[in-house]
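Visitor: Under the working numbering, the letters of the sequence shown match residues 9 to 273, in that order. Idealized CB from N, CA, C, for every residue including glycine. Attaching a single structure in structure tokens format; questions to follow.
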Amino acid sequence: MARVPGSEPAARPAPERWSGQHLHGAGGRRHADRRRRCSPPDPPLAARRRAGGRGGDRLARDKKREFLDWTYWGKPVPGFGDPRARLLVVGLAPAAHGANRTGRMFTGDSSGDWLYAALHRYGFASRAQSVSRDDGLTLEDCYITAAARCAPPDNKPSRGELERCRPYLAADIRLLSHVRVVLTLGRIAHDNWLKAAGWWATLEPRDRPIFAHGAVTTLPNGVALVASYHPSRQNTNTGKLTRAMWHGVFDRVRRLLATGRRTPR
Numbered sequence: 009m010a011r012v013p014g015s016e017p018a019a020r021p022a023p024e025r026w027s028g029q030h031l032h033g034a035g036g037r038r039h040a041d042r043r044r045r046c047s048p049p050d051p052p053l054a055a056r057r058r059a060g061g062r063g064g065d066r067l068a069r070d071k072k073r074e075f076l077d078w079t080y081w082g083k084p085v086p087g088f089g090d091p092r093a094r095l096l097v098v099g100l101a102p103a104a105h106g107a108n109r110t111g112r113m114f115t116g117d118s119s120g121d122w123l124y125a126a127l128h129r130y131g132f133a134s135r136a137q138s139v140s141r142d143d144g145l146t147l148e149d150c151y152i153t154a155a156a157r158c159a160p161p162d163n164k165p166s167r168g169e170l171e172r173c174r175p176y177l178a179a180d181i182r183l184l185s186h187v188r189v190v191l192t193l194g195r196i197a198h199d200n201w202l203k204a205a206g207w208w209a210t211l212e213p214r215d216r217p218i219f220a221h222g223a224v225t226t227l228p229n230g231v232a233l234v235a236s237y238h239p240s241r242q243n244t245n246t247g248k249l250t251r252a253m254w255h256g257v258f259d260r261v262r263r264l265l266a267t268g269r270r271t272p273r
């Protein structure tokens with residue numbers, strides 16, 4: 009079995025954690041340095057547009073009435089969290105009036121309300137609510153990223169956009185060398201993480217981890233892949249994903265992490 013890039017901890021100094029505070033104003037250079045350490049660079053404008061970034065730009069102009077006083081981020085949204093995290097959460101794409109507005113993954117929408125409430129309940133987040141990128145929320149032992157970096161039209165990224173955004177997800181995977189558990193939110197995030205991590209090409213189709221809510225697969229490098237329905241309103245309002253089901257996923261994540269020991273900072 010070929011070793012997947014990023015499956016072994018790299019020998020490097022322990023970086024400081026970037027908490028996601030606003031990058032401007034006092035201390036901005038320090039926060040920007042932290043961000044560069046744990047996130048790939050934002051794609052340039054031309055690359056964003058080729059990757060479908062026009063959707064995020066357009067949606068930033070077409071504001072919801074309740075957010076008319078906001079200056080929308082309207083650009084690719086970088087990953088967020090602890091660069092020495094053992095838990096990696098992979099979502100689909102920035103929501104049009106959530107992360108595309110606030111500039112931070114799962115921040116400012118109902119899916120984020122579900123995610124951060126659970127992360128706080130299980131000891132990964134300093135707060136149960138995430139409303140803006142400078143609200144002081146920090147993540148501990150957890151990092152959040154997504155299959156696509158720009159808000160797609162109709163909340164559904166095209167195959168081409170996913171392919172063009174994949175190098176940025178792959179860069180997150182390489183940099184996050186301490187990850188032991190990956191939680192994928194939805195089938196698209198699940199399959200795209202497998203592709204970005206190299207497992208899709210390495211494993212025979214019959215051996216690829218299936219997507220089913222609560223399914224846990226231990227990959228050859230020891231990383232546990234946990235699948236979950238996405239906490240979208242389509243799933244939570246219809247009862248396809250209940251609070252009990254959601255907490256059950258995080259119970260499993262905590263049990264899996266308890267079997268390993270975190271590398272000291």
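In this structure, what does DSSP give as the bridge partners for residue 151?
Guide: As a first step, residue 151 must be located in the sequence shown, where it is residue number 143. Its beta-bridge partners are 89, 96.
Visitor: Does residue 126 come out as helix, strand or coil in the three-state DSSP assignment?
Guide: Here residue 126 refers to the residue found at position 118 when the sequence shown is read from its first residue. Reduced to three states, the DSSP call for residue 126 is helix.
Visitor: Does the ligand ATP have even one heavy atom less than 6 Å from the beta-carbon of residue 136?
Guide: This structure simply doesn't include the ligand ATP, nor any ligand for that matter.
Visitor: For residue 119, name the three-state secondary structure that DSSP assigns.
Guide: By one-based count along the sequence shown, residue 119 stands at place 111. If DSSP states are grouped into helix, strand and coil, residue 119 belongs with the helices.
Visitor: Does the Cβ-Cβ distance between residue 246 and residue 233 come in under 7 Å?
Guide: Sequence index remark: in the sequence shown, residue 246 carries index 238 (1-based). Sequence index remark: in the sequence shown, residue 233 carries index 225 (1-based). It is not a contact, given that the beta carbons lie outside the stated cut-off.
Visitor: Using DSSP with H/G/I as helix, E/B as strand and the rest coil, what is residue 266?
Guide: As a position in the sequence shown, residue 266 is number 258, starting the count at 1. Helix, per DSSP.
Visitor: Over what stretch of residues does the alpha helix (DSSP H) that includes residue 110 continue unbroken?
Guide: To locate residue 110, count along the sequence shown from 1; it is residue 102. Run containing residue 110: 107-110, per the alpha helix (DSSP H) assignment.
Visitor: Across the region 80-91 and the region 134-153, are there enough close Cβ pairs to call them in contact, namely three or more that are closer than 8 Å?
Guide: The region 80-91 is in contact with the region 134-153.
Visitor: Relative to the alpha-carbon of residue 257, which residue among 178, 190, 80 has its alpha-carbon at the smallest distance?
Guide: Residue numbering aside, residue 257 sits at position 249 when the sequence shown is read from its first letter. Answer by Cα proximity: 190.
Visitor: Run through DSSP, which three-state label would residue 287 get?
Guide: Residue 287 falls outside the range modelled here, since the chain spans only 9 to 273, and no answer is possible.
Visitor: Taking only three categories from DSSP, how would you classify residue 161?
Guide: As a working note, residue 161 is residue 153 in the sequence shown. Residue 161 falls in the helix class under three-state DSSP.
Visitor: Among the candidates 229, 235, 214, whose CA atom is the shortest distance from the CA of residue 249?
Guide: The residue you call residue 249 lines up with position 241 of the sequence shown. It is 235 whose Cα lies nearest to the Cα of residue 249.
Visitor: Would you list the one or two residues that DSSP bridges to residue 240?
Guide: One-based indexing of the sequence shown puts residue 240 at position 232. Per DSSP, none; premise fails for residue 240.
Visitor: Quick test of your reading: residue 94 and residue 149, contact by CB under 8 Å. State the CB separation rounded to the nearest angstrom.
Guide: Numbered from its first residue, the sequence shown carries residue 94 at position 86. Numbered from its first residue, the sequence shown carries residue 149 at position 141. About 5 Å separates the two Cβ atoms, so the contact holds.
Visitor: State buried or exposed for residue 213, treating a residue as buried only when at least 16 other CB atoms are found within 10 Å of its CB.
Guide: Within the sequence shown, the letter at position 205 stands for residue 213. Classification of residue 213: exposed, given that the 10 Å Cβ count is below 16.
Visitor: Starting from residue 191, trace the beta strand (DSSP E) in both directions and tell me its first and last residue.
Guide: Residue numbering aside, residue 191 sits at position 183 when the sequence shown is read from its first letter. Note, residue 191: beta strand (DSSP E), 189-193.
Visitor: What residue does the alpha helix (DSSP H) around residue 176 start on, and which one ends it?
Guide: Stepping through the sequence shown from its first residue, residue 176 is reached at position 168. Residue 176 -> alpha helix (DSSP H) spans 167-183.
Visitor: By DSSP, does residue 231 sit in helix, in strand, or in coil?
Guide: Against the sequence shown, residue 231 aligns to sequence position 223. Coil, per DSSP.
Visitor: Report the option in 128, 165, 136 whose CA atom is closest to the CA atom of residue 196.
Guide: As a first step, residue 196 is located in the sequence shown; it is residue number 188 there, counting from the start. Out of 128, 165, 136, 165 has the C-alpha closest to the C-alpha of residue 196.
Visitor: Can you check whether the CB of residue 192 is closer than 7 Å to the CB of residue 98?
Guide: Taking the sequence shown and counting its residues from 1, one reaches residue 98 at position 90. Taking the sequence shown and counting its residues from 1, one reaches residue 192 at position 184. Cβ atoms of residue 98 and residue 192: closer than 7 Å.
Visitor: Could you pull the start and end residues of the beta strand (DSSP E) that residue 226 belongs to?
Guide: Counting from one through the sequence shown, the residue named residue 226 turns up at place 218. Run containing residue 226: 224-226, per the beta strand (DSSP E) assignment.
Visitor: Taking just the CA atoms, how far does residue 200 sit from residue 170?
Guide: Within the sequence shown, the letter at position 162 stands for residue 170. Within the sequence shown, the letter at position 192 stands for residue 200. Computed Cα separation, rounded: 8 Å.
Visitor: CA-CA distance, residue 238 and residue 227?
Guide: Locating residue 238 in the sequence shown gives position 230, where the first residue counts as 1. Locating residue 227 in the sequence shown gives position 219, where the first residue counts as 1. Roughly 22 Å separates the two Cα atoms.
Visitor: With a CB to CB cut of under 7 Å and the five nearest residues on each side skipped, what residues in its chain are close to residue 122?
Guide: For the purposes of this step, residue 122 is taken as the residue at position 114 of the sequence shown. 239, 244, 254.
Visitor: Nearest to residue 134 by CA position, among 124, 184, 104, is which residue?
Guide: Walking along the sequence shown from the start, residue 134 turns up at place 126. Minimum Cα distance to residue 134 is reached at 124.
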